[in-house]
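K.L.:
Taken in sequence, the protein lines are chains X and B. Last residue of the first sequence? That's 322 in my numbering, and every number before it is there in order. Last residue of the second sequence? That's 322 in my numbering, and every number before it is there in order. By construction, the Cβ of each residue, glycine as well, lies at the ideal position given by its N, Cα and C atoms. First the structure, which I've put down as structure tokens, then a few questions once you've had a look.
Number of protein chains: 2
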Amino acid sequence: MNDVAREAGVSLGTVSNVLNRPESCRPETVRRVQAAVERLGFVRNLNARSLVGAASHTIGLNVFDLGNSLFVDIARGAQTVLRDRGYQLVITDSEVDQGRQRDHLDYFDETRVAGVLLAPQFDPTEDVRRLAGHGRRTVVLNHDAAGATWSTVLIDNEHAGYLAASHLAERGARKLAFVTVAEQLQPAVERRLGVGRAVAGMDGVSLRDLHVPDLEIDGGIDAGRALLSLPEGERPDGVICVADLTGMAIVQVLSGAGVRVPDDILVMGCDSNINAWGGDVPLTTVAQHGDEMGAAGARILLDELADPGRPPTRHVIRPELIERASTSPRSR
Amino acid sequence: MNDVAREAGVSLGTVSNVLNRPESCRPETVRRVQAAVERLGFVRNLNARSLVGAASHTIGLNVFDLGNSLFVDIARGAQTVLRDRGYQLVITDSEVDQGRQRDHLDYFDETRVAGVLLAPQFDPTEDVRRLAGHGRRTVVLNHDAAGATWSTVLIDNEHAGYLAASHLAERGARKLAFVTVAEQLQPAVERRLGVGRAVAGMDGVSLRDLHVPDLEIDGGIDAGRALLSLPEGERPDGVICVADLTGMAIVQVLSGAGVRVPDDILVMGCDSNINAWGGDVPLTTVAQHGDEMGAAGARILLDELADPGRPPTRHVIRPELIERASTSPRSR
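Next up, the structure:
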């Protein structure tokens, strides 16, 4: 910076002002300093600024699985808010590995980011507490930890399940099946609760659970075959899959065997995965609004950074049913 | 660090050694320092280390569109290599906006990352030169700039087009169509060159171009309708789409109108997009090997950081045809 000041013929303080608060300087001064910067190839050092107490403008986001479009939506929603407020988002990806989450959060800690957004798969209490112990603020997205002392942004997954079951009953289904994995994944467990609540409030509607080995296409193929193997009288007439990919594969297996969707059986997903757009029979689903989740998380985090005494909040986003062909009566 | 040294009863230099080169210290010393670190909640400051000349272990990756699975594959390939070599990957997303690429690269510059991986959409010469002017090394992925003075990792898109056209001809197609956008996108232009070269070398095979407004599902719906509107004698019997999503939509439109794929017409994509898995008729495509691209880019970048005199290289990955139902004769 000394070189820049000499080259521009101004004081060191003026260079600092131009680089950090150009709006407060005379345009002519800004031009002179900028020209000197260009001539010298000077790049301000944000690491040095952080050491002399200047606030960092980096927000770190760690996601559990960048291969899942929900997390890309979260990143984009967060980035839109952060960019408008002069912050830089950097993204790290756990690649479906809990240990990497810890490594990435430690990295954010060690590089003194202004704050952290975390979209985990499992209970993040230990990781968030470790960062908080070092004075680093975290907002958790898409995971509801018991006793959280930090801010959380959630989709109301229980309500998503309730919407799904109510929709199928409204479209005439009486024998519902809920397709999920045996493993207790929080969004799946909560959606199942909502499905159960809807069914409990309706007369003459039954519900059975169908467990699959995974929530990918293979799991859906398994589920489709299991449905086909049931005697016709026992076969569900409405299927809710906790994941769209699984639902889409079920539609393919049923259609391939001559069971028509939606005429013979209604099928829907629950997580609005863009990778499961549905092909021949687009799939009804429940929108997760990942972009809203990311944006809300970023807003809350910046509010807390501006006012560290602010108590943590819990922001819940309402899901929304998106009806497509897989549950719509065909136009006659 | 002074506090840690006092707490552990060792010198400042010992603390530094334990934190940075634990393998060179006595296990007992490492344990004492680590215990002190835990008691004090000390987090090493990577920004401070960079100021005293310690090499950064951060690699910045900016991608043009994180919503496209190719870029997620690139990130994962790079991360696997970097993690093994003790580097941290941070990802930024241009969100299909060239201006943001510049901002993100400047950010990497200002935070003194060790090196940059860049997966751009357009010619990155200006951005790469600016970074090089500040001594920062960039490896460019998936874009071939004329006169590049930096290392580049590419898929051979010309060969991808050649493979596609040769495959359709082998499967019996004689009237080929190439579906793309009017805009001159480098991968599309190169694939078209390869298609043309294959057709030029074959007897009795014709080729026409079909331009669509975009390379998403909507563009494919347009293309499907355009194909249907042709008199049957003029209709192509083999279609190569520069993008899989577009190809998948064409299959749906044709099937919906009673034109059978692959029986009446062969359809294939060219970019191996996981979002286009194909539904009823899985789509033949050409694998882009994004993970290999990311891994090769990371390896080259680390080699150049270790040996700054190393001349830039050009690493070309061979694409690979993946045959699926949309071009396979049905089992009879």
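Measuring CA to CA, which of Asn263/B, Gln88/B and Gly123/B is closest to Gln111/B?
P.N.:
Of Asn263/B, Gln88/B and Gly123/B, the residue nearest in Cα terms is Gln88/B.
K.L.:
Leaving out five residues on either side along the sequence, give the residues of the same chain with a beta carbon under 6 angstroms from the beta carbon of Ile145/B.
P.N.:
The residues are Gln278, Ile307 and Pro309.
K.L.:
Can you check whether the C-beta of Asn37/X is within less than 7 angstroms of a C-beta belonging to chain B?
P.N.:
Interface residue, yes.
K.L.:
Would you say Thr139/B reaches chain X, if we count a Cβ-Cβ gap shorter than 7 angstroms as a contact?
P.N.:
No - not a single Cβ of chain X is within 7 angstroms of the one on Thr139/B.
K.L.:
Using a Cβ-Cβ cut-off of 6 angstroms (strictly less than) and excluding sequence neighbours within five positions of His94/B, which residues of its own chain qualify?
P.N.:
Closer than 6 angstroms at the Cβ level, and outside the excluded window around His94/B, lie Asn52 and Thr82.
K.L.:
Taking only beta-carbon atoms, is Ile81/B less than 7 angstroms away from chain X?
P.N.:
Chain X, which has a Cβ nearer than 7 angstroms to the Cβ of Ile81/B, makes this yes.
K.L.:
At which residue ranges does the segment 132 to 171 of chain B contain complete beta strand (DSSP E) runs of 3 or more residues, listed in the order of the chain?
P.N.:
Listed in chain order, the complete beta strand (DSSP E) runs (minimum 3 residues) inside the segment 132 to 171 of chain B are 141 to 145 and 165 to 171.
K.L.:
Run the CB neighbour count on Gly287/B, radius 10 Å, all protein chains shown included, and call it buried at 16 or more, exposed below.
P.N.:
Buried is the call here.
K.L.:
Looking at Glu180/B and Asn147/B, is the spacing between their C-beta atoms short of 7 angstroms?
P.N.:
Contact flag set, yes.
K.L.:
Looking only at DSSP bridge pairs, what is Asp83/B linked to?
P.N.:
DSSP output for Asp83/B lists Val53/B as bridge partner(s).
K.L.:
State the beta-bridge partners of Glu310/B as determined by DSSP.
P.N.:
Answer by DSSP bridge pairing, in chain order: Ala277/B.
K.L.:
Write down every uninterrupted run of the beta strand (DSSP E) in the segment 65 to 113 of chain X whose length is 3 residues or greater and which is fully enclosed by it, in chain order.
P.N.:
Complete beta strand (DSSP E) runs here, min 3: 78 to 83 and 105 to 109.
K.L.:
Quick check: what's the CA-CA separation for Leu107/B versus Met258/B?
P.N.:
Rounded to whole angstroms, Leu107/B to Met258/B spans 31 angstroms at the Cα level.
K.L.:
The segment 86 to 117 of chain X: which residues have C-beta closer than 7 angstroms to a C-beta of chain B, in chain order?
P.N.:
Within the segment 86 to 117 of chain X, the qualifying residues are Tyr97, Asp99, Glu100, Thr101 and Arg102.
K.L.:
Determine the DSSP secondary structure at Val229/B, reduced to helix, strand or coil.
P.N.:
Strand.
K.L.:
Hey, Leu218/B and Val249/B are a contact pair by Cβ (cut 8 angstroms); roughly how many whole angstroms apart?
P.N.:
The pair is a contact, with the Cβ atoms about 7 angstroms apart (cut-off 8 angstroms).
K.L.:
Counting only beta-carbon separations shorter than 7 angstroms, does Gln78/X have a partner in chain B?
P.N.:
For Gln78/X, the answer is yes, since a Cβ of chain B falls inside 7 angstroms of its Cβ.
K.L.:
Keeping to the same chain, check which residues put their C-beta closer than 8 angstroms to that of Leu183/X; ignore five residues upstream and five downstream.
P.N.:
Counting only Cβ-Cβ distances below 8 angstroms, and skipping sequence neighbours, we find Glu148 and Gly151.
K.L.:
Tell me whether Val271/X sits in a helix, a strand or coil according to DSSP, three-state version.
P.N.:
Coil at Val271/X, not helix or strand.
K.L.:
Could you work out which residue in Ala136/X, Gly105/X, Asp208/X and Arg120/X is closest to Val129/X when comparing CA atoms only?
P.N.:
Val129/X has its Cα closest to that of Gly105/X, out of Ala136/X, Gly105/X, Asp208/X and Arg120/X.
K.L.:
Locate the alpha helix (DSSP H) running through Asp199/B, then write down its first and last residues.
P.N.:
Element bounds for Asp199/B: not the alpha helix (DSSP H) but the beta strand (DSSP E), Ser196 to Val202.
K.L.:
Do three or more CB pairs link the segment 220 to 231 of chain B to the segment 134 to 141 of chain B at distances below 8 angstroms?
P.N.:
Too few Cβ pairs lie closer than 8 angstroms, so no.
K.L.:
Would you tell me roughly how many angstroms separate the C-alpha atoms of Ala167/X and Asp293/B, rounded to the nearest one?
P.N.:
Going by the C-alpha atoms only, they are around 55 angstroms apart.
K.L.:
If you follow the alpha helix (DSSP H) that Leu220/X is part of, which residue opens it and which one closes it?
P.N.:
From DSSP, Leu220/X is part of no alpha helix (DSSP H); its letter is neither H nor E.
K.L.:
Taking the alpha-carbon of His47/X as reference, which of Gln78/X, Leu197/X and Arg11/X has the nearest alpha-carbon?
P.N.:
Ranking Gln78/X, Leu197/X and Arg11/X by Cα distance to His47/X puts Gln78/X first.
K.L.:
Starting from Leu56/B, find everything on chain X with Cβ-Cβ shorter than 9 angstroms and list it in chain order.
P.N.:
Those are Leu56, Val62, Ala65, Arg66 and Ile81, listed as they occur along chain X.
K.L.:
Please classify Met283/B: does DSSP put it in a helix, a strand, or coil?
P.N.:
In the structure shown, Met283/B sits in a helix (DSSP, three-state: H, G or I).
K.L.:
Shortest alpha-carbon distance to Asp134/B belongs to which of Ser196/B, Ala178/B, Ala239/B and Ser316/B?
P.N.:
Out of Ser196/B, Ala178/B, Ala239/B and Ser316/B, Ala178/B has the C-alpha closest to the C-alpha of Asp134/B.
K.L.:
Going by other Cβ atoms of all chains shown within 10 Å of its Cβ, with 16 needed for buried, is Asn10/X buried or exposed?
P.N.:
Its Cβ having fewer than 16 others within 10 Å, Asn10/X is exposed.
K.L.:
Straight-line CA distance for Glu100/X to Tyr97/B?
P.N.:
Near 17 angstroms, if we compare the C-alpha coordinates of Tyr97/B and Glu100/X.
K.L.:
Spell out whether any CB of chain A is found under 7 angstroms from the CB atom of Arg22/B.
P.N.:
Checking the listed chains, one finds no chain A in this structure; the protein chains it contains are X and B.
K.L.:
Got a sec: does the ligand SAH put a non-hydrogen atom nearer than 6 angstroms to the Cβ of Glu224/B?
P.N.:
Although the ligand SAH was asked about, the structure shown includes no ligands whatsoever.
K.L.:
Spell out the partners DSSP gives Val257/X in its beta bridges.
P.N.:
The partner list for Val257/X (beta bridge, DSSP) reads Val229/X.
K.L.:
Apart from the five residues just before and just after Arg322/X, which ones in its own chain have a Cβ nearer than 6 angstroms to its Cβ?
P.N.:
Its pLDDT being 35, under 50, Arg322/X is placed unreliably by the model, and the measurement read from it follows with that caveat. Here the set comprises nothing.
K.L.:
Give me, in chain order, the residues of the same chain whose beta-carbon lies closer than 7 angstroms to that of Arg187/X; leave out the 5 immediate sequence neighbours on both sides.
P.N.:
The answer, listed in chain order, is Tyr152.
K.L.:
Can you pull the chain B residues whose beta carbon is under 8 angstroms from the beta carbon of Gln69/X, in chain order?
P.N.:
Near Gln69/X (Cβ distances below 8 angstroms), the residues of chain B are Asp83 and Glu85.
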